[in-house]
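> Numbering (our numbering), first residue to last: 4 to 396. Got a structure for you, written out below as structure tokens; questions coming shortly.
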């Protein structure tokens, strides 16, 4: 039968042009969601045979597909940060899947590739981004008639278990912060780093801090909004509070809740110093100063905003520089600073409900992840006692 049932749907068998009784050229494709979809595909193949429209396609491997999409579409149509994002994903795909022949590619091969990524420690979100990158590249090359089949439309992304919770929650302990933080004081995002460490804020929340959110009399700071670099393709369905400029928006926090947090004396001193520095920069730059973001504290000296993606990108570069000084350093992301704050709170005996409120988690299950991380640290500490030996009862 040219159409056959598979474990996850239907597949088809068909002969390629030029096939003879002595030299039969056959091809199988699987991953069709319904029998009708498989039969419709065979009809299109038959029609092409009758019209003699089969083409010779010049892209042979997955690596060639990715390079062609990058050179013809990504470079020409995407913004700089998007280009960097795609180039990172393309490298992972080429390194681990690039030699695969497009003509022989099957759904199972793609899924096996995703399982390899999972075994390497890639998160569900990371695999999802790679899946979308592959899908976009294959769709482009199919639409340009560089390849005969957009196989990625038939690949259903599986849900993978978290490979290693501890690796997902990489953070710095107290001693590491004391060692590394002085090196970060000259960073343009030191304001964001400090608030992430001391209040557990997300990057986009630190970017949206306004002087009106700070009450020095009551010693509180109110987390109301998030500041994001969101281009047109990314803002669909987003509740925009204010369009700040062409590519920057003020929106709700992740769980859409306002969060009031107390200020320590150190935070009060730091915030007052940040406000004073901003006033000095405004006076120094004069007419060249950008007044669109007056009152917001996450800015460059000239008043331009430093928003979520810029913060994450700059912190990644800061960490790279630190690695040259401390090659043994635990490499974390900006979000790892939030994890650090949460882990310290729990390690110091803070009630899990209080930690949930500080981090503004919508569900206690999310906060519980940090308790597991802390238990891991406690186990390591207790395991170290094994060196004392065992003398029996």
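Quick reminder that beta carbons are idealized off the backbone N, C-alpha and C, glycines included.
Tell me, please, whether the stretch 262-276 touches the stretch 285-294 by the rule of three or more beta-carbon pairs shorter than 8 Å.
Contact between the stretch 262-276 and the stretch 285-294 is absent, because fewer than three Cβ pairs lie under 8 Å.
> Between the stretch 137-148 and the stretch 64-81, are three or more C-beta pairs nearer than 8 Å?
Because the criterion of three Cβ pairs below 8 Å is met, the stretch 137-148 and the stretch 64-81 touch.
> Quick check on DSSP: helix, strand or coil for residue 152?
The residue labelled residue 152 in the question sits at position 149 within the chain shown. In this structure, residue 152 counts as coil in the three-state DSSP scheme.
> At 3 residues or longer, what runs of the beta strand (DSSP E) sit wholly inside the stretch 301-330?
Whole beta strand (DSSP E) segments, 3+ residues: zero.
> Quick check on residue 245: buried or exposed, where buried means 16 or more other Cβ atoms within 10 Å of its Cβ?
If you number the chain shown from 1, residue 245 lands on position 242. Exposed, since its Cβ has fewer than 16 Cβ neighbours within 10 Å.
> Could you check which residue in 282, 113, 219 and 253 has the C-alpha nearest to that of residue 265?
Along the chain shown, one-based indexing puts residue 265 at 262. Nearest option by C-alpha distance: 219.
> Spatial neighbours of residue 62 within its chain, please: C-beta separation below 7 Å, excluding the five flanking residues on both sides.
As a working mapping, residue 62 is identified with position 59 in the chain shown. Answer for residue 62: 68, 71, 105, 144, 149 and 150, listed in chain order.
> Please tell me whether residue 225 and residue 243 are closer than 9 Å, where the distance is taken between their beta carbons.
For this step, residue 225 is matched to residue 222 along the chain shown. For this step, residue 243 is matched to residue 240 along the chain shown. Taking 9 Å as the Cβ cut-off, residue 225 and residue 243 do not qualify as a contacting pair.
> Is residue 6 helix, strand or coil by DSSP?
On the chain shown, residue 6 is found 3 positions in, with the first residue counted as 1. Residue 6 falls in the strand class under three-state DSSP.
> Can you name the start and end residues of the beta strand (DSSP E) that residue 397 belongs to?
Outside the modelled stretch of the chain, which goes from 4 to 396, sits residue 397, for which no answer is possible.
> Answer yes or no: do residue 256 and residue 208 have a C-beta to C-beta separation smaller than 9 Å?
As a first step, residue 256 must be located in the chain shown, where it is residue number 253. As a first step, residue 208 must be located in the chain shown, where it is residue number 205. For residue 256 and residue 208, yes; Cβs fall inside 9 Å.
> Cα separation between residue 260 and residue 10?
Your numbering for residue 260 matches position 257 in the chain shown. Your numbering for residue 10 matches position 7 in the chain shown. Cα to Cα, residue 260 sits roughly 44 Å from residue 10.
> CB-CB under 8 Å to residue 102, same chain, minus the five flanking residues each way: which ones, in chain order?
Position 99 of the chain shown holds residue 102. Correct list, in chain order: 64, 65 and 66.
> CB-CB under 6 Å to residue 134, same chain, minus the five flanking residues each way: which ones, in chain order?
Your numbering for residue 134 matches position 131 in the chain shown. 160.
> Run the CB neighbour count on residue 247, radius 10 Å, all protein chains shown included, and call it buried at 16 or more, exposed below.
On the chain shown, residue 247 is found 244 positions in, with the first residue counted as 1. The residue is buried, with at least 16 neighbouring Cβ atoms inside 10 Å.
> Give me the Cα-Cα distance between residue 109 and residue 115, rounded to the nearest whole angstrom.
Walking along the chain shown from the start, residue 109 turns up at place 106. Walking along the chain shown from the start, residue 115 turns up at place 112. Taking the straight line joining both Cα atoms gives about 10 Å.
> For the alpha helix (DSSP H) containing residue 269, list its first residue and its last residue.
For this step, residue 269 is matched to residue 266 along the chain shown. Element bounds for residue 269: 268-288.
> Please determine if the stretch 277-286 and the stretch 152-159 are in contact, where contact requires at least 3 C-beta pairs separated by less than 8 Å.
These segments do not touch.
> Decide if residue 79 is buried, meaning its Cβ has at least 16 other Cβ atoms within 10 Å, or exposed.
Within the chain shown, the letter at position 76 stands for residue 79. Exposed, since its Cβ has fewer than 16 Cβ neighbours within 10 Å.
> Which residue from 300, 163, 346 and 278 puts its Cα closest to that of residue 123?
Within the chain shown, residue 123 is the residue found at index 120, counting from 1. Residue 163 is the option with its Cα nearest to residue 123.
> Where does residue 399 sit, in a helix, a strand or coil, going by DSSP?
The structure shown does not extend to residue 399, since the chain spans only 4 to 396, so no value can be given for it.
> Of the choices 40, 46 and 343, whose alpha-carbon is the least far from that of residue 200?
Stepping through the chain shown from its first residue, residue 200 is reached at position 197. For residue 200, the nearest C-alpha among the options comes from 343.
> Does the distance from the CB of residue 129 to the CB of residue 137 come in under 9 Å?
The residue labelled residue 129 in the question sits at position 126 within the chain shown. The residue labelled residue 137 in the question sits at position 134 within the chain shown. No, the pair does not count as a contact, with Cβ atoms beyond the cut-off.
> Have a look at the DSSP bridge pairing and note the partners of residue 229.
Position 226 of the chain shown, counted from the start, is the residue given in the question as residue 229. Paired residue(s): 254.
> In this structure, how does DSSP classify residue 127 when only helix, strand and coil are distinguished?
Start at 1 with the first residue of the chain shown, and residue 127 comes out as number 124. Helix.
> Taking 7 Å as the limit between beta carbons, can you name the residues of its chain near residue 42, skipping five residues before and five after?
Position 39 of the chain shown, counted from the first residue, corresponds to residue 42. These residues qualify, in order along the chain: 6.
> Confirm, please, whether the CB-CB distance from residue 203 to residue 362 is below 9 Å.
Taking the chain shown and counting its residues from 1, one reaches residue 362 at position 359. Taking the chain shown and counting its residues from 1, one reaches residue 203 at position 200. Against a cut-off of 9 Å, the Cβ pair of residue 203 and residue 362 comes out as a contact.
> Rank 205, 227 and 206 by C-alpha distance to the C-alpha of residue 215 and give the top, closest one.
Locating residue 215 in the chain shown gives position 212, counting from the first residue. Here the closest residue by C-alpha is 227.
> Looking at the structure shown, is residue 108 part of a helix, part of a strand, or coil, going by DSSP?
Numbered from its first residue, the chain shown carries residue 108 at position 105. In this structure, residue 108 counts as coil in the three-state DSSP scheme.
> Determine the extent of the beta strand (DSSP E) in which residue 245 is found, giving its start and end residues.
Translated into the one-based positions of the chain shown, residue 245 becomes position 242. 243-246 is the extent of the beta strand (DSSP E) around residue 245.
> When the Cα of residue 190 is compared with those of 358, 17, 354 and 316, which residue comes out closest?
Mapped onto the chain shown, residue 190 falls at position 187. Comparing Cα positions, the closest option is 316.
> Using beta-carbon positions only, say whether residue 449 and residue 206 come within less than 9 Å of one another.
Since the first residue shown for the chain is 4 and the last is 396, residue 449 is missing from the structure and cannot be characterised.
> Within 10 Å of its beta-carbon, does residue 352 have 16 or more other beta-carbons around it, so buried, or fewer, so exposed?
Residue mapping note: residue 352 aligns to position 349 of the chain shown, counting from 1. Counting Cβ neighbours within 10 Å, residue 352 comes out exposed, since fewer than 16 surround it.
> Please identify the residue among 198, 40, 13 and 77 whose C-alpha is closest to the C-alpha of residue 339.
Walking along the chain shown from the start, residue 339 turns up at place 336. Checked all of 198, 40, 13 and 77; the closest Cα to residue 339 is 198.
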